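Notes follow the structure.
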Amino acid sequence: MKNIVILISGRGSNMEAIVRAMESEGWPARIAAVISNKPEAKGLEYAQARGIPTAVVANKEYASRAEFDAALQETIDRFAPDLVVLAGFMRILTAPFVEHYAGRMLNIHPSLLPLYPGLGTHQQAIDAGDKEHGATVHFVTAELDHGPIVAQARIPVLPDDTEDTLSARLLVEEHKLYPYAVRLFVEDRLSIEENGDVRIKDGALA
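Numbering (the numbering used here), first residue to last: 1 to 206.
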């Protein structure tokens, strides 16, 4: 039974999708805690309603990113995580923090990485005239949005798409993709090759 700690900054819709999938599919895992850097994050209410332990490490209370990350790491480690999941956690993490969880921290990013790291991905895809857009689940490394890719979901960019419509359609796919990727991890089906590719236990490369 693996312990999962989920980090959120807001409503935590991907966190909700992971909790629902875990409960309905019977994964060999449990959500050990949901932690937010914002005390007002709506996702904390969802977790509390389901009896999941929650904690807040408010970044505004720390003078530096390094001090915040140290406090966050200490809080996370109280729950003995096998996996840390970033689900709309809006903080850039320091290299020592990322290295502490190397190979056991996942993030979902709303683009087909390596395209469009950072923010504003939906509008960038529209402005570039892309025919398709998507989301990527990847292992977290010190380089922002550049870690080994576990899985991707793709959707077409429609002629009348706006940033909002594209984002909304992609979010539906994110809610399928992220639970799938997390389940692969908790079932010990993922390994990172020397060249940085992620191999799924059945032999497929992400």
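Ideal placement from N, C-alpha and C gives every residue a C-beta, glycine not left out.
Just so you know, these numbers come straight off a predicted model, no measurement behind them.
Asked                                                                                           : Found
Beta-carbon proximity check, G147 vs H133, cutoff 9 Å                                           : no
Span separating the alpha-carbon of Q124 from that of P117                                      : 10 Å
Cβ separation of A47 and T54, assumed to be a contact under 8 Å, to the nearest whole Å         : 5 Å
V34 - DSSP class collapsed to helix/strand/coil                                                 : strand
Sequence-distant residues of its chain with Cβ nearer than 6 Å to D82 (five each side left out) : K2, N3
Secondary structure of N59, DSSP reduced to three states                                        : helix
Host alpha helix (DSSP H) of G43 (start-end)                                                    : 42–49
Segment limits, alpha helix (DSSP H) that includes F97                                          : 95–100
Alpha-carbon to alpha-carbon, A181 and V172                                                     : 15 Å
CA-to-CA distance, D160 to H9, given in whole angstroms                                         : Checking the sequence shown, residue 9 turns out to be Ser, not His. Rounded to whole angstroms, S9 to D160 spans 30 Å at the Cα level.
Cβ-based burial, S191 [other Cβ within 10 Å; buried from 16]                                    : exposed
CB of L184 within 9 Å of CB of V140, strictly                                                   : no
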